[in-house]
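Student: Below: one structure in structure tokens.
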């Protein structure tokens with residue numbers, strides 16, 4: 181194997197160093213977001229997995245199904261959140277930052293959907309142990325409805 185070491189001399193009017201720093205910073209930001217979301221989904225998976233192994237005695241059949249769906253959902257989310265890191269290592273060095281950003285963005289957006297489903301189902305499981313089935317689904321949806329309206333209100337759009 182031949183190794184090539186390149187030296188780069190920066191001139192006072194050379195702004196490519198600043199461009200390189202911004203490029204590295206953008207890659208780093210995307211990978212840090214992916215790592216944070218992967219950590220979050222991994223911890224949530226661990227809690228749900230522990231609950232699945234040590235199933236409470238008062239769990240009804242519907243609770244067990246909900247737990248299984250939540251486990252599968254967070255597994256898909258964790259896999260999608262890890263994909264920007266995997267893509268980074270498989271495709272590095274890139275020809276286009278835009279291509280990396282758009283694919284990473286797509287992985288993260290697609291991962292947010294099953295992560296939200298898992299949060300909803302986890303909240304429903306917790307509420308179902310205290311309330312009835314229908315009431316727990318209604319109350320579990322309230323935080324998501326609130327976030328939706330707050331998201332829309334930031335631009336002055338309420339519906």
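Numbering (the numbering used here), first residue to last: 181 to 339. Note that CB positions come from ideal geometry on N, CA and C, so glycine has one too.
Under the criterion of a Cβ to heavy atom distance below 7 Å, does residue 261 qualify as lining the ligand SAM?
Tutor: As for the ligand SAM, it is missing from this structure, which has no ligand bound.
Student: Quick one, are the C-beta atoms of residue 251 and residue 229 less than 8 Å apart?
Tutor: The answer is yes: Cβ separation under 8 Å.
Student: Can you tell me which of 266, 306 and 261 puts its alpha carbon nearest to the alpha carbon of residue 291?
Tutor: When each option's Cα is compared against that of residue 291, the closest is 261.
Student: Residue 241: which of 313, 299, 324 and 333 sits nearest, CA to CA?
Tutor: When only C-alpha atoms are compared, the closest one is 313.
Student: Just how far apart, CA to CA, sit residue 332 and residue 286?
Tutor: Going from the Cα of residue 332 to the Cα of residue 286 covers about 21 Å.
Student: Buried or exposed for residue 227, please, with buried defined as at least 16 other CB atoms from any protein chain shown within 10 angstroms of its CB.
Tutor: Under this definition residue 227 is an exposed residue.
Student: Just to confirm, are residue 297 and residue 253 a CB contact at a threshold of 8 Å?
Tutor: Against a cut-off of 8 Å, the Cβ pair of residue 253 and residue 297 comes out as a contact.
Student: Run the CB neighbour count on residue 264, radius 10 Å, all protein chains shown included, and call it buried at 16 or more, exposed below.
Tutor: Burial call: buried.
Student: Can you round the beta-carbon distance between residue 255 and residue 280 to whole angstroms, since I take them to be within the 8 Å contact cut?
Tutor: Not confirmed; about 25 Å, so no contact.
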